[in-house]
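Inspection log for the structure reproduced underneath, given as structure tokens.
Below, the structure written as structure tokens:
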């Protein structure tokens, strides 16, 4: 069926016995997952080297790390809707190419500001890719295989997060081609090319037959609210908490409160909100989110603190820090 007329592809349309093409497409998707998670942790190890090379201040160091996840968070909900409207395969390949290109731009950055901007674009690309991955994998395999396939998905994501510091240490210490810390971004290029080749022609298009209207108000409120909350937290200590940062956080509370009101009203009217608040009525869902929030808050802070303390404070090499 032509790409521009492909309807929604559900997991029930997948053959009972997965084909070789399905496994190759899965490999392409998993390489995308690997890159996303790798870039979440690998930068921590290279942070001291790129700080010295680019002359980054403390707040700029924090933004190099946090802007990736901030852009990812602000884009993720919108990315899922865009995939349904434009086609998930098309969006996945576009995002994969964008992620690869922005990785190169990160490696070529000559100032902290350039790196922060490129890292933000990289995070947006990762979100566009991530939002399509689970739906695509579900469509490739029958429900009887979902347990095993999503188990592989989780294992790859965990392995990438764990290997990030070690691989980063190897690349920085090895000084591949004299690239130094820049190699941690250039390593995404061959991975991205292979992923596009494996997934490009084998993934289902998966376009919604009657896509809902994009919740533009929800997009604006959630993005602005998250930014106004997280920006002061990143720069507050270094700037000694001026009044404008407190005002920004106050505005963030107001905007995120309005976001909740708008999403609840849209859901009641039968629309398609960016975030379905009725999901929070499930105790398992809410507890799971809370545990995830606690885990990843400690996870990110631990990596940042240990990477800086061991290399700047104890004089460890990047490789020794990664192994630690």
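Numbering (my numbering), first residue to last: 67 to 390.
Glycine included, each C-beta is placed from N, C-alpha and C at the ideal position.
From residue 98 to residue 258, what does the alpha carbon distance come to, in whole angstroms? Taking the straight line from one Cα to the other gives about 7 Å.
Buried versus exposed call for residue 220 [16 or more other C-beta atoms within 10 Å across all chains shown]: Around the beta carbon of residue 220, a 10 Å sphere encloses fewer than 16 other beta carbons of the protein chains shown; the residue is thus reported as exposed.
Compute the Euclidean distance between the alpha carbons of residue 344 and residue 238, then round it to the nearest angstrom. If you draw a straight line from the Cα of residue 344 to the Cα of residue 238, it is about 46 Å long.
Neighbourhood of residue 88 by C-beta, 6 Å cutoff - its chain only, sequence neighbours within 5 removed: Correct list, in chain order: 206.
Closest Cα partner of residue 151 within the set 142, 271, 120, 236: Nearest C-alpha to residue 151: 271.
May I ask you to report which of helix, strand or coil DSSP gives residue 102? Three-state result, residue 102: helix.
For the pair the stretch 123-133 and the stretch 170-184, tell me if three or more CB-CB distances fall below 8 Å. Counting Cβ pairs under 8 Å, three or more are found: they touch.
With distances taken from CA atoms, which of 245, 95, 104 is nearest residue 232? The shortest C-alpha separation from residue 232 is found at 104.
Own chain residues within Cβ distance below 7 Å of residue 112, not counting five before or after: Correct list, in chain order: 234, 238, 247, 250, 384.
Checking 7 Å against the spacing of the C-beta atoms, do residue 346 and residue 291 come in under that value? No; because the gap between Cβ atoms is not below 7 Å, this pair is not in contact.
Under three-state DSSP, which class holds residue 219? Looking at residue 219 - three-state DSSP - the assignment turns out to be helix.
Check whether the stretch 160-168 touches the stretch 185-196, taking contact to mean three or more Cβ pairs, one atom from each stretch, closer than 8 Å. They touch, by the three-pair rule.
Give the straight-line distance between the Cα atoms of residue 156 and residue 91, rounded to the nearest whole angstrom. Approximately 14 Å, taken between the alpha carbons.
Assign residue 361 to one of two classes, buried (16 or more other C-beta atoms within 10 Å of its C-beta) or exposed (fewer than that). It counts as exposed.
Using the rule of at least 16 other Cβ atoms within 10 Å of the residue's Cβ for burial, across every protein chain shown, is residue 358 buried or exposed? Residue 358 is exposed by the Cβ-count criterion.
Do the CB positions of residue 153 and residue 198 come within less than 7 Å of each other? Using a Cβ distance threshold of 7 Å, residue 153 and residue 198 do not count as a contacting pair.
By the DSSP assignment, the alpha helix (DSSP H) with residue 312 in it spans what residues? Judged by DSSP secondary structure, residue 312 falls within the alpha helix (DSSP H) whose first and last residues are 309-334.
As assigned by DSSP and simplified to three states, the class of residue 256: The DSSP-derived three-state label of residue 256 is helix.
Going by DSSP in three states, residue 272 sits in which element: helix, strand or coil? Here residue 272 sits in coil by DSSP.
Rounded C-alpha distance that separates residue 194 from residue 163: So the alpha carbons of these two residues sit roughly 11 Å apart.
Which one of 252, 144, 365, 133 has the shortest CA to CA distance from residue 283? Nearest option by C-alpha distance: 144.
Report buried or exposed for residue 137, applying the criterion of at least 16 other Cβ atoms within 10 angstroms of its Cβ. Around the Cβ of residue 137, a 10 Å sphere holds 16 or more other Cβ atoms; the residue is buried.
CB contact flag (residue 300, residue 132, <7 Å): In contact: residue 300 and residue 132 (Cβ atoms closer than 7 Å).
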